[in-house]
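Sequential numbering of the sequence shown, starting at 1, is according to our numbering.
Just so it is clear, CB atoms sit at the ideal spot from N, CA and C, and this is done for glycine as well.
Since the structure is predicted, the reported quantities are computational estimates derived from the model, not experimental observations.
Have a look at the structure below before the remarks.
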Amino acid sequence: MEYANNLLKNKKIVFLTLTILVFIVYVNSLGNNFVVDDITSIVEKSQTESFKSLANKDLRSTQLVQYFTVINIFGPNSSVFRLANILFHLGSVYLVFLLLSILTTSTIAFVTASLFAVHPILTESVTWISGGPYVKHSFFILASLLCYVLSIKKRNVYLLSVLFFFLALFTSEKAIVFPFILMVYEIAFGSIQRHWKKIIPFFFLAFFFFFLVAFPALDSRLLEIQTKYDRKPIINNSLILIPYSISSYLELIIWPDKLSIYHSQIKISVLDYILRLSIFIGFLAAIAIAFKKNKHLFFWLFFFLISLSPTLSPFGINWIVAERYVYLGSLGIIFLAGYLLVKLIEKEKARNLGWALFIIIMIALMARTMVRNTDWKNSETLWLATVNSYPNYYQGHYSLGVEYEETGRLKEAQREYEIAIRLNSQEPRAYANLGSVYLKTNNTSKALEMSEKAVKLNPWAWEPYQNIGVIYYIRGAYDKAEAYTKKAIERLPKNSDRYIKASSELYFNLGAIYYQEGDRVKARKFFTKVLEFEPTNERTQKLLHDSALWSQ
1 MEYANNLLKN KKIVFLTLTI LVFIVYVNSL GNNFVVDDIT SIVEKSQTES
51 FKSLANKDLR STQLVQYFTV INIFGPNSSV FRLANILFHL GSVYLVFLLL
101 SILTTSTIAF VTASLFAVHP ILTESVTWIS GGPYVKHSFF ILASLLCYVL
151 SIKKRNVYLL SVLFFFLALF TSEKAIVFPF ILMVYEIAFG SIQRHWKKII
201 PFFFLAFFFF FLVAFPALDS RLLEIQTKYD RKPIINNSLI LIPYSISSYL
251 ELIIWPDKLS IYHSQIKISV LDYILRLSIF IGFLAAIAIA FKKNKHLFFW
301 LFFFLISLSP TLSPFGINWI VAERYVYLGS LGIIFLAGYL LVKLIEKEKA
351 RNLGWALFII IMIALMARTM VRNTDWKNSE TLWLATVNSY PNYYQGHYSL
401 GVEYEETGRL KEAQREYEIA IRLNSQEPRA YANLGSVYLK TNNTSKALEM
451 SEKAVKLNPW AWEPYQNIGV IYYIRGAYDK AEAYTKKAIE RLPKNSDRYI
501 KASSELYFNL GAIYYQEGDR VKARKFFTKV LEFEPTNERT QKLLHDSALW
551 SQ
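Next up, the structure:
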């Protein structure tokens with residue numbers, strides 16, 4: 001044990017070991033493709049918008065700086081984006097070790113940092129490029145906390161703590177709860193009475209950020225939910241939501257088996273709810289007991305709850321459970337595991353057993369993380385893994401259908417959309433996309449039927465109106481085609497990830513309708529408008545320069 005302690009006091013060896021652990025488990029993710037939101041938020045936006053235009057829309061500038069730096073130097077290279085996530089994760093692992101080395105022992109710090117380095121629940125944040133903000137804001141939060149702890153003896157690092165919190169806020173709005181973490185830290189290890197003035201600037205920054213950035217962004221988030229996911233925000237019962245979410249996160253951390261980008265909605269039996277409520281109450285009781293018995297456990301268990309609190313809103317603006325939400329909070333539970341393992345190791349008779357158990361757990365976690373990375377290889381592997389984890393959840397089948405449709409496998413797409421509808425008959429996107437598949441296979445009758453069902457379920461979604469417009473265009477009913485295409489344009493939200501491409505398609509369709517109606521002036525007007533959205537659209541450029549089409 002003494003030899004191990006001496007070895008762990010050599011920070012170069014520790015940092016080298018932690019670095020090796022991180023790269024062993026994540027190196028197989030570097031070749032993965034862009035998936036899901038990566039495609040629309042990075043690839044397509046980098047091709048259609050400038051840094052200045054995006055900065056005017058999104059004040060989370062630290063993310064923008066990274067995205068546009070990488071795009072301008074390396075192009076849309078998924079490996080470079082993912083490497084940035086891995087490096088920030090490695091930085092967080094270092095910070096965990098440094099922080100715990102100050103607060104506890106080098107052994108606890110090393111064991112906890114090692115578990116945090118390889119835990120598979122973190123893969124969604126690290127391996128998925130769009131999950132990167134959760135890694136980055138956590139890095140800044142941990143750096144701020146470390147500097148705050150150091151500022152007790154070294155006052156000159158206090159300003160660094162404030163600066164890191166500022167960077168965390170402008171990486172993710174979820175950093176807004178950090179001042180409460182500082183309060184709990186002072187309750188556990190310091191003195192609120194003596195240090196309350198040090199916490200005030202953090203509350204001021206959080207208050208400033210909430211009212212100037214986060215609160216105004218709620219409107220766009222609500223609009224995104226209504227348009228992108230075709231659903232209205234709902235009010236969840238917090239008495240069900242919070243126990244369900246917390247118990248689910250605990251389950252995924254302790255037994256990371258059914259990892260998924262989508263976790264099923266709250267559909268639980270009374271018995272299951274009682275079990276989850278009991279787990280939640282037991283967790284709160286553990287915090288209360290730890291307050292009297294063990295300040296370290298009190299702080300880190302509370303840290304878990306506070307870090308998750310921004311995602312536990314009853315207003316339906318977040319997913320009920322999402323693995324990326326718990327990137328930072330998982331540290332609280334992982335610390336508990338590391339603490340208990342070290343307590344076992346410190347017992348002379350159980351020392352070998354403790355180290356053996358630690359090694360077995362590490363190997364199991366590393367293997368699961370590496371397997372999970374392969375799920376993120378491309379969109380198809382991701383959605384197949386999602387369907388395998390939750391075969392009765394419609395969202396996975398719907399998303400798999402989208403992937404099949406985009407790659408031209410229309411029979412498979414039809415099958416997945418039909419499964420999604422069977423699992424949730426009130427899902428308008430599945431009807432709209434099934435209508436699109438029928439349209440591509442020239443079955444306009446079924447395409448119209450599905451699209452009209454989608455409109456009935458969600459009259460504010462633009463996609464089914466586009467489908468119906470195309471159907472009437474094919475049938476030669478140009479007046480109806482014009483009306484439905486205009487309705488699609490009216491409903492297309494400007495903050496949509498697909499706004500540029502969809503606008504281009506819709507205005508092209510409108511130009512084609514006017515051309516068929518013989519109105520060449522309006523047709524040229526709308527074809528020209530396509531180039532405002534996509535200046536390099538070759539189809540439209542050729543059409544406008546084809547004098548034979550405009551000679552009449």
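With a beta-carbon spacing of about 13 Å, leucine 167 and isoleucine 176 fall beyond the 8 Å limit used to define contacts.
The three-state reading of DSSP puts glutamine 63 in helix, counting H, G and I together. Within 10 angstroms of the beta-carbon of glutamate 406 lie fewer than 16 other beta-carbons, which makes it exposed. Residue state for aspartate 519 is assigned as coil, using DSSP reduced to three classes. The beta carbons of valine 14 and alanine 117 sit no closer together than 9 Å. Distance from the CA atom of serine 101 to the CA atom of lysine 456, rounded to whole angstroms, is 59 Å.
Secondary structure of glutamine 466 (DSSP, three-state): helix. Counting only the Cα atoms, leucine 150 lies some 47 Å from valine 387. If you check the CB distance, glutamate 490 and tryptophan 462 come in under 9 Å.
For the pair arginine 372 and threonine 123, the Cα-to-Cα distance works out to about 7 Å.
With contacts defined as CB atoms closer than 9 Å, alanine 502 and leucine 492 qualify as a contacting pair. Between alanine 481 and isoleucine 513, the C-beta gap is smaller than 9 Å, which places the two residues in contact. CA-CA distance, phenylalanine 81 to alanine 477, rounds to 48 Å.
The beta carbons of isoleucine 421 and threonine 444 sit no closer together than 9 Å. If you draw a straight line from the Cα of glycine 316 to the Cα of asparagine 237, it is about 10 Å long. Going by DSSP, isoleucine 253 is part of the alpha helix (DSSP H) stretching over 238-254. The stretch 272-286 makes no contact with the stretch 140-160; the number of CB pairs closer than 8 Å stays below 3. Per DSSP, reduced to three states, the secondary structure at arginine 409 is coil, with no helix or strand assignment. Under the Cβ criterion (8 Å, minimum of three pairs), the stretch 359-378 does not count as touching the stretch 234-251.
A residue is called buried once 16 or more other Cβ atoms fall within 10 Å of its Cβ, and leucine 297 is buried on that count. Only residues of its own chain outside the window of five on either side were considered, and among them Ile334, Ala337, Gly338, Ile361, Met362 and Leu365 have a CB closer than 8 Å to the CB of leucine 115, listed in chain order.
Counting only residues of its own chain and dropping the five nearest sequence neighbours on each side, arginine 324 has a CB closer than 8 Å to the CB of Glu124, Ser125, Trp128, Gly131 and Tyr134. Taking 9 Å as the cut-off, the beta carbon of tyrosine 244 is found closer than this to the beta carbon of isoleucine 320. Alanine 206 and proline 179 have their C-alpha atoms spaced approximately 8 Å apart. Per DSSP, the continuous alpha helix (DSSP H) segment holding lysine 12 begins and ends at 11-26.
Each residue's CA atom was taken as its position, placing threonine 171 and glutamine 63 some 6 Å apart.
Note that the stretch 401-418 touches the stretch 434-441; at least 3 beta-carbon pairs, one per stretch, sit closer than 8 Å. A straight line joining the alpha-carbon of aspartate 519 with that of leucine 510 spans about 11 Å. Between the C-alpha atoms of isoleucine 306 and asparagine 294 there is a straight-line separation of about 18 Å. Cβ-Cβ distances below 7 Å link phenylalanine 304 to Gly329, Gly332 and Ile333 in the same chain, with the five nearest sequence neighbours on each side left out; the list follows chain order. Boundaries of the alpha helix (DSSP H) harbouring serine 436: 428-440, taken from the DSSP string. Residue burial is scored here from C-beta neighbours: isoleucine 42 has at least 16 other C-beta atoms within 10 angstroms and is therefore classed as buried. The C-beta distance from leucine 95 to leucine 142 rounds to 4 Å, short enough to meet the 8 Å contact threshold. Between the beta-carbon of serine 92 and that of leucine 30 there is about 18 Å, and that puts the pair past the 8 Å contact cut.
Counting along the chain, glycine 332 sits inside the alpha helix (DSSP H) bounded by residues 330-345. Contact between isoleucine 468 and leucine 448 holds, with the beta-carbon distance rounding to 7 Å and staying under 8 Å.
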